[in-house]
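So the sequence lines, in the order shown, correspond to chains A and B. Everything in the first sequence is counted per this note's numbering, starting at 1 for the first residue and increasing by one. Everything in the second sequence is counted per this note's numbering, starting at 1 for the first residue and increasing by one.
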Amino acid sequence: MKLLIKNGRVIDPASGKDEILDILIDKGKIIDLKPLIKDDNAHTLDVPGRVVAPGFIDMHVHLREPGQEYKETIRTGTQAAARGGFTSIACMPNTSPVNDSRGVTEFILNEASKKAPVNVFPIAAVTRGLQGEEITDMVDLIDAGAIAFSDDGQPVSNSQIMRRAMEYAKISRSLIIDHCEDKELSADGVMHEGHYSNILGLNGIPSPSEEVMIARDILLAEYLEARIHIAHISTKRSVSLVKAAKKRKIRITAEVTPHHILLTDKNLQTYDTNFKMKPPLRGEKDKKAILAAVLDGTIDAFATDHAPHTPDEKEVEFDYAPFGIIGLETAVPLLLDKLVNPGLISLQRFVEMMSLNPATILGLKNKGRIDIGTDADLTVLNLSASYTIDSSNFFSKSRNTPFNGWAVKGIPEITIVSGKIVHKVKI
Amino acid sequence: MPFFHKHLLGIQDLSKKDILTILETAESMEGISTRDVKKVPVLRGKTIINLFLEPSTRTSSSFELAAKRLSADIINFNRQASSVLKGESLRDTVENLEAMYADAIIIRHTAAGAPHYVSTFCRSHIINAGDGAHEHPTQALLDAYTIKQKKKKFEGLKVVIVGDILHSRVARSNILCLHKLGTHIILSGPPALVPESLEKFKVEVNYDMDRAVEDADVIMMLRIQKERQQKNSYPSIREYRFLYSLTEKKLKKAKKKVIIMHPGPVNKGVELTSDLASSDRSVILKQVENGVSVRMAVLYLLLGGKEREATD
């Protein structure tokens, strides 16, 4: 059945649209877009006062399946995504077994087709078993459905192997996403190195641990004329490296997480392990530089780095807790409340970083835009509705969020994937 | 002398007044340990658990003696004889001990913040007996007590701390404590172990130990913690000794009446020579002696104080 979305404020960064339009959807595609559409055969969804945006895309998610289903599954992770306003997610390969072969990529896509309310795009490993030694069969993986390559938390440290991977990715026009971290510099660090690590007596992860690898990737990308995407950028110097590289026309893009925009190392003073992740929460100056980079276009996309861990794993001494927090069900309300509603960034820019830019980076042709012929993936926002984040009712299997109890204004109210309503909040 | 804290997690939470209250209380405890009958009944009926999840001789026995001299019942729980080795979590361990009606848990742990974490779900008093590289509050208090005994004041004293400051809970607690008490603090040691960022604690960092110890009233030498070192924090023990070992020659630059402190155990011949460790300027054994009085004071103020207030 056709779906007619009426009276919404359509925001489409690709065309710059910001107007009240009706959207008519049939067979998963947008077939008409104009004021006052009439269609008696369509199911009507009236959304006056709401923002209708191209479906949000989270390009950095850990679904944990196969292998760690006790933390998250393809079903629960994608349900959390739908609830959080995301219509597409890209999932990282550090599963067990690692997604470094056709079989695992196909398993994920097959499970998703049966169980996931949102689109799932697997990111395959750059190297076999994330070992950093031999690059994977990238062309075969792309053929199986992989959308990009990353060794995420086990980044490729050997520059020769990174060079080969970037070179090879070029011939298949695929993207390498790098979690930039020099593991030798991070050593046994558990938080940002600075005054607060000195106070807390915890081992520090110095900023250059991220920056030296970004610099390396930039130099390789420039030399090879290859593309590189920087995952979860976190420091002031990282931002200036990326900014300078963009000026030199190097093909580099970058993403940032909501927690690196909203929190700092000062938040760790209670030793709460829900503030432990990589890269670590940095200092106040880094936070400010990141926000400026969001505004000036140095940073292209928001991504959550949704990393589920169970309460048993996180309820331990700080040193022993695993790195990572979840973000699918908190990212949109937090960014609306803290950045959009106070006017720190425009609604257009926010939507661009949530949909158009990740779609462009990942090469998702018919996503990230609202136009006739594009995929009917839409996120409907209610900017004035308020609620309190309560991790106990998350759809995700895990509860590891530092934002539990935060009161927020602005929520993803309706999520539509291929013309189907997959989530709707009762207000 | 009111003292309104439920736990002793770190010097960071204490005011100058709190610290002075503890030191004054310790003074009044001193007499008990030198009597023939070394016991008073102020904590009779209280149960204290000494939960040491990391090896210790001094601190563990010092707390045990302190508790016993105040007539509390204390049990020692060490890692080797416990279910921790079977993989029991810290939370489960503590909740099980608490189920046996403990009034206070003294905790020593390799992970920074472990006592804070325990205090979030525990109803007993938590006393930090050293957590990772974070704090060791009773050590700093007994050091302050020893300094006060020898120097009669804090204001204007020049205290030099030498060694692995970054990984030392003793140094961290001492810096916080002595800063609150008004002393001037200078840190010295190789840069990997004494990062310049420590200056944010309002202390001076000087990598040249000869300069650092000039006119010092107190020199505190820290143990090189071999178990916490990363490679290349310094080139070799030989080179370390050359730069940062306390020698007679370096000591000459300090004030005549300088005192030498060390939290123990001493790596003799590394941080300082055996001669200096046992010289009349060394107060190392005095520190150990004072540890008992200070810990008696802490236990009394946390466990005994309130009840007394209520009955008075």
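C-beta: ideal position from N, C-alpha, C; glycine also.
Which residue from the options puts its Cα closest to that of residue i?
i        : options                                   : result
A/Ala116 : A/Pro208, A/Lys426 and A/Ile421           : A/Ile421
A/Ser355 : A/Ala292, A/Ile11 and A/Lys6              : A/Ile11
B/Ala140 : B/Glu289, B/Ile11, B/Ala254 and B/Leu97   : B/Ile11
A/Arg216 : A/Val51, A/Lys246, A/Asn158 and A/Asn198  : A/Asn158
A/Gly405 : A/Asp46, A/Lys236, A/Tyr387 and A/Gln68   : A/Tyr387
A/Val156 : A/Glu133, A/Leu141, A/Ala148 and A/Asp140 : A/Glu133
A/Ala226 : A/Val242, A/Lys183 and A/Tyr168           : A/Tyr168
A/His43  : A/Lys397, A/Lys2 and A/Gly8               : A/Lys2
B/Glu155 : B/Thr110, B/Val218, B/His136 and B/Gly182 : B/Gly182
B/Ser71  : B/Gly45, B/Thr59, B/Asn50 and B/Thr138    : B/Gly45
A/Thr401 : A/Asn7, A/Arg50, A/Asn274 and A/Lys236    : A/Asn274
A/Val425 : A/Pro13, A/Met59, A/Ala82 and A/Gly67     : A/Ala82
B/Ser279 : B/Ala297, B/Leu246, B/Arg295 and B/Met296 : B/Leu246
B/Val203 : B/Ile165, B/Asp275, B/Asn232 and B/Pro41  : B/Ile165
A/Glu222 : A/Lys247, A/Arg237 and A/Ala231           : A/Lys247
A/Ser197 : B/Val213, B/His167, B/His179 and B/Lys253 : B/His167
B/Leu97  : B/Phe4, B/Ser124 and B/Arg172             : B/Ser124
Just to make sure I have the definition right: I need the residues of chain A whose C-beta is within less than 9 Å of the C-beta of residue i. Which are they?
i        : result
B/Arg91  : Glu315 and Val316
B/Glu135 : Gly201
Under 9 Å between the Cβ atoms of residue i and residue j?
i        : j        : result
A/Pro308 : A/Lys71  : yes
A/Thr270 : A/Arg282 : no
B/Asp103 : B/Leu301 : no
A/Pro279 : A/His260 : yes
B/Asn174 : B/Ile224 : no
A/Ile233 : A/Ile299 : yes
B/Val159 : B/His184 : yes
A/Pro206 : A/Asp151 : no
B/Ile106 : B/Phe52  : yes
A/Ile135 : A/Ile108 : no
A/Asp371 : A/Leu33  : yes
B/Gly31  : A/Leu200 : no
A/Leu336 : A/Ile252 : no
A/Thr379 : A/Ala331 : no
A/Thr105 : A/Phe395 : no
A/Ile89  : A/Asp58  : yes
A/Lys266 : A/Phe318 : no
A/Ser398 : A/Thr304 : no
A/Ser174 : A/Ala148 : yes
B/Thr21  : B/His136 : no
Name the chain B residues whose beta carbon is nearer than 7 Å to that of residue i?
i        : result
A/His195 : Ser197 and Lys200
A/Tyr271 : Gly113, His116 and Tyr117
A/Asn274 : Those within 7 Å of A/Asn274 in chain B number zero; the least Cβ separation is about 12 Å.
A/Asn267 : Under the 7 Å cutoff, chain B gives no residues; its nearest Cβ is about 14 Å from A/Asn267.
A/Asn400 : Ordered by position in chain B, no residue passes the 7 Å Cβ test against A/Asn400, which lies about 15 Å from the chain.
A/Asn357 : Correct list: empty, because the minimum Cβ distance to chain B is about 36 Å.
A/Asn404 : Per Cβ cutoff of 7 Å: no residues; A/Asn404 is ~14 Å from chain B at best.
So which residues of chain B does residue i contact, with C-beta pairs closer than 9 Å?
i        : result
A/Asp319 : Thr110, Ala111, Ala112, Gly113, Ala114 and Gly132
A/Asn341 : The contacting residues do not exist; A/Asn341 stays about 32 Å from chain B at best.
What distance in whole Å lies between the Cβ atoms of residue j and residue i, which are believed to be in contact at a cut-off of 8 Å?
i        : j        : result
B/Ala216 : B/Val258 : 6 Å
A/Asn110 : A/Val417 : At roughly 18 Å, the Cβ-Cβ gap does not stay under 8 Å, so A/Asn110 and A/Val417 are not in contact.
A/Ala124 : A/Glu329 : The Cβ separation is near 26 Å, so there is no contact.
A/Val239 : B/Ser89  : Not confirmed; about 39 Å, so no contact.
A/Ser186 : A/Ser209 : 5 Å
A/Pro54  : A/Arg369 : 5 Å
A/Ala301 : A/Ile361 : 6 Å
A/Ile427 : A/Ala385 : 6 Å
Identify the contact partners of residue i in chain A, using a Cβ-Cβ distance below 8 Å as the criterion.
i        : result
B/Leu169 : Going by the sequence as given, residue 169 of chain B is Arg instead of Leu. Neighbours of B/Arg169 on chain A, chain order: Gly201.
B/Arg79  : Here the premise fails: no neighbours, minimum Cβ distance about 13 Å.
Anything in chain A within Cβ reach of residue i, meaning under 7 Å, just list it in chain order.
i        : result
B/Arg123 : Going along chain A, no residue has its Cβ under 7 Å from B/Arg123, so there is no contact; the nearest lies around 18 Å.
B/Arg172 : Gly201
List the residues of chain B that residue i touches, going by C-beta distances under 8 Å, in chain order.
i        : result
A/Asn119 : Those within 8 Å of A/Asn119 in chain B number zero; the least Cβ separation is about 39 Å.
A/Asn94  : Those do not exist, as A/Asn94 stays about 24 Å from chain B at its closest Cβ, beyond 8 Å.
Would the C-beta of residue i count as close to the ligand ADP, meaning under 8 Å from any of its heavy atoms?
i      : result
B/Pro2 : Summarising the ligand content, the structure contains no ligands, and the ligand ADP is consequently not present.
Review point. Any contact of the segment 143-163 of chain A with the segment 189-196 of chain A, i.e. 3+ C-beta pairs under 8 Å?
Key: No: the two stretches stay apart, fewer than three of their Cβ pairs being nearer than 8 Å.
Review point. Looking at C-beta atoms only, is the number of pairs between the segment 209-226 of chain A and the segment 142-155 of chain B that lie closer than 8 Å three or more?
Key: no
Check your understanding: Quick check: the segment 72-81 of chain B against the segment 21-40 of chain B, are there 3 or more CB pairs under 8 Å?
Key -> no
Exercise for review: Inspect the CB distances between the segment 57-68 of chain A and the segment 93-107 of chain A and report whether three or more fall short of 8 Å.
Suggested key: yes
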